[in-house]
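Counted the way this note's numbering counts, the sequence shown spans residues 1 to 344. Working notes, structure below.
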Amino acid sequence: MKAYTYIEQNKFALLDKEKPQLLEQTDAIVKVTLASICSSDIHIKHGAVPRAVPGITVGHEMVGIVEEVGSAVTTVKKGDRVTVNVETFCGECFYCKHGYVNNCTDQNGGWALGCRIDGGQAEYVRVPLANTGLNKIPDSVSDEQALLVGDVLATGYWAARISEIKEEDTVLIIGAGPTGICTLISVLLKNPKKIIVCETDENRITFVKKHYPDVITVKPECCQEVVLAKSEHGGADVVLEVAGADSTFELAWKCARPNAIVTVVALYEKPQILPLPDMYGKNLIFKTGGVDGCDCEETLALIEAGKIDTTPLITHTYSLSQIKEAYDLFENKRDGVIKVAITI
Ligand SMILES: [Zn+2]
Ligand SMILES: [Zn+2]
C-alpha cells in the first residue's frame, strides 16, 4: 500500500509499505477513506517534534472503515465507519480515569499515531487500543463532516471545555488557523457575551468574518487596545492561545484581565518566556498542553444535531498520489487554504 512517510528532517515521501497487521488483540485495522494534513505534520517535517520516529507513516487525522479487529475489540466491528482519535489511550490508568488521556501511561499512550507509530496518510492504519481510539460515525454524518473530529476539533473542543467560559465573558482567541477556528466553533457553543479573534493572515480573517459574522476580528498590533476597549474589567476574562507564533504567548497574558484563565493550546517551535515579575499580582491561571481527545462521541453527536459544522474549513481536496502538492499548498498557506482533505 502507499504511505506518506517521514524520511528525515524536511523530507517526506510516498512509499510502498506492507499493509499493517493486527499486533495485539486490542488493535483494529482501518481502511482510510479520508485523511487530512495537520500543522503538527509540518512540525514533524521541520524536525520540531523530537519524539517523531523517522520511517513512520505520518498523519493523525482521518476517518475510515473498520477492516479487521482483534478479539478484545468490542466497541466497533468490521464494516463500521469510524473516526480515529489522535490520542491512543487505555481508558483504565489513573490519567485516563480522570479524563487526562493525553497522559495515558500505556506504552502507546498519548499522541502516538503518525508520530511514534505509523499513522493514517496511507491506505490502511493499525489503531492500537481501538475500543477507545475509534468512534462510530452516525449514518447521517458524512466523512467530510467527521474528518476533523479526532484531532483539530477535539483540540478546540477540549480547549473550550477546560477554559471555564461563562455567558458574561469576553473571550479572546489568538490564532484562526484550523485549530483556532475549531476552538472558535467550540467557544460559540458556550455562548459568551463577546468573542474576539486575533489573526494576522488576511485570508483567515476573511474566513472568520464570512462564517462567523458576530465575532470581532483584530490584528495582533491592535489586539491589546481592542480587547481593553471591548472588555469590562481591563482585559479578556478568558484567553485561548492557539497561534504558537513568536510573540503570541506574550500577547495572550498581556490581554488577560487579572484572575483570568489563559489556556495555551499552541505547539511552539521555540521556548517561551514566562516573565513572572511582570505579571506579579495579576494572579493568572494558566492551563497548558496537548489535547485530551476523549470527547469524540460528544462532538459527533453535536455534528449529527447540526450544532457543529467544520466542513467549511475543508477548502481543498487532493488524492493520496498528489499528497506532496497538498503539503506544499498547506505549508505555504496558498490559495486561501484552511484545511486539505486527502481522498484515499
Ligand atoms: Zn494534529
Ligand atoms: Zn490510560
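Glycine included, each C-beta is placed from N, C-alpha and C at the ideal position.
Item                                                                                                                    : Value
Other residues of its chain near lysine 193: CB distance less than 8 Å, five sequence neighbours each side excluded     : Glu167, Glu168, Asp169 and Thr170
Span of the alpha helix (DSSP H), counted from its first residue to its last, around threonine 155                      : 152-162
Three-pair Cβ contact test at 8 Å for the stretch 269-283 versus the stretch 292-301                                    : no
Given alanine 326 as reference, the closest of Cys38, Val66 and Val218 once Cα atoms are compared                       : Cys38
Member of His233, Glu221, Gly235 and Cys296 whose CA lies at the smallest distance from the CA of threonine 248         : Glu221
Strand pairing of valine 262, partner residues [DSSP]                                                                   : Val239 and Phe286
Lysine 333 burial status per 10 Å Cβ neighbour count (16 or more: buried)                                               : exposed
Beta-carbon gap between glutamate 68 and isoleucine 29 smaller than 8 Å                                                 : yes
Best match in Leu23, Val49, Ile44 and Val63 for proximity to alanine 35 [C-alpha to C-alpha]                            : Val63
Strand pairing of glycine 64, partner residues [DSSP]                                                                   : Val32 and Val82
One or two residues paired with isoleucine 7 in a DSSP bridge                                                           : DSSP, once it has assigned bridges, lists no residue as partnering isoleucine 7.
Proximity test, threonine 105 beta-carbon vs ligand 2 heavy atom, cut-off 7 Å                                           : yes
Collapsed DSSP secondary structure at valine 337 in the structure displayed                                             : coil
Exposure label - glycine 107; buried when at least 16 CB within 10 Å                                                    : Checking the sequence, you will find glutamine at residue 107 rather than glycine. With fewer than 16 Cβ atoms within 10 Å of its Cβ, glutamine 107 is classed as exposed.
Cβ-heavy atom distance, valine 86 to ligand 1, below 7 Å                                                                : yes
Nonlocal neighbours in the same chain, by C-beta distance under 7 Å from proline 54, ignoring five residues either side : Tyr6, Ile7 and Glu8
Residues that DSSP places opposite valine 69 in a beta bridge                                                           : Ala28
Burial state of tyrosine 280 (16 or more Cβ within 10 Å)                                                                : exposed
Pairwise C-alpha distance: methionine 1 and valine 239                                                                  : 44 Å
Given 8 Å, three or more beta-carbon pairs between the stretch 140-156 and the stretch 79-86                            : yes
Span of the alpha helix (DSSP H), counted from its first residue to its last, around leucine 148                        : It is not in any alpha helix (DSSP H) - leucine 148 carries neither H nor E in the DSSP assignment.
CA nearest to the CA of glutamate 297, picked from Ala130, His211 and Pro138                                            : Pro138
Sequence-distant residues of the same chain with beta carbon closer than 8 Å to lysine 230, five excluded per side      : Thr170, Lys194, Ile196 and Ile216
Secondary structure of arginine 204, DSSP reduced to three states                                                       : helix
Inter-residue CB distance, glycine 59 and glycine 133 (contact presumed, cutoff 8 Å)                                    : Not quite, the Cβ-Cβ distance comes to about 14 Å (not below 8 Å), so this is no contact.
Heavy atom of ligand 2 within 7 Å of glycine 109 beta-carbon                                                            : yes
Alpha-carbon spacing of lysine 282 relative to leucine 274, whole angstroms                                             : 13 Å
Bridge partner(s) assigned by DSSP for lysine 136                                                                       : Val82
Short Cβ contact (8 Å threshold) for threonine 33 with aspartate 143                                                    : yes
Sequence-ordered residues whose beta carbon comes within less than 5 Å of a heavy atom of ligand 1                      : Cys38, Ser40 and Asp151
Nearest candidate by alpha-carbon position, reference threonine 311, set Lys339, Thr299 and Leu302                      : Lys339
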